[in-house]
Amino acid sequence: LGADIVAGTLDQSPPHGEFIGLIDIVHMRALIYPPGAEYLSIEDAIPTVVHLSSLEDKDCQPLKAALDARRDLITSLADVDETMEDLYLHAMECEDDENDCPILSNISTSQIQSSLRRMTLSKSIMPT
């Protein structure tokens, strides 16, 4: 297809390999499935939604991984979408000492969604 592949979620599996959920890096939320979800009916395997912005431990590994993945997603979108590139460059101009990563705080979820939609429809990217 010629499209770049960009990640929209992160798998959250412990080292022993049991799947426990996903992290939605566009909306910054974790979907945590109940233990043994693969053996439950679909009605009983409903995930718990945890908004990552509500986490008190800002140093937790899943949050750091999600922030890194969101930054990578925005950077990948800026490479192929002029509108996102403008937002990215403007956010980088707003960089100050108080803000660790201006692109994460100055680019909204709706702007990411719009860019994903535009670039998917133009076949420039393929979200996974």
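Residue 288 is where the sequence shown starts when you use the working numbering, and the numbers rise one by one after that.
No residue lacks a Cβ here, since even glycine has one placed at the ideal position from N, Cα and C.
Cβ neighbour criterion (16 or more within 10 Å) applied to residue i
i	result
Ala332	exposed
Ile329	exposed
Asp344	exposed
Asp373	exposed
Simplified DSSP assignment, three categories, for residue i
i	result
Asp384	Here Asp384 scores only 49 on pLDDT, less than 50, and its place in the model is too uncertain to base an answer on.
Ile390	helix
Ala324	helix
Ile310	strand
Leu339	helix
Short Cβ contact (7 Å threshold) for residue i with residue j
i	j	result
Arg316	His338	yes
Leu318	Leu309	yes
Met371	Ser397	no
Ile399	Val313	yes
Endpoints, the beta strand (DSSP E) within which residue i is located
i	result
Met413	412-414
Ile399	Not the beta strand (DSSP E): Ile399 falls in the alpha helix (DSSP H), residues 396-408.
For residue i, the first and last residue of its enclosing alpha helix (DSSP H)
i	result
Ala353	348-367
Any chance the region 363-382 sits against the region 315-326, with 3 or more Cβ pairs inside 8 Å?
no
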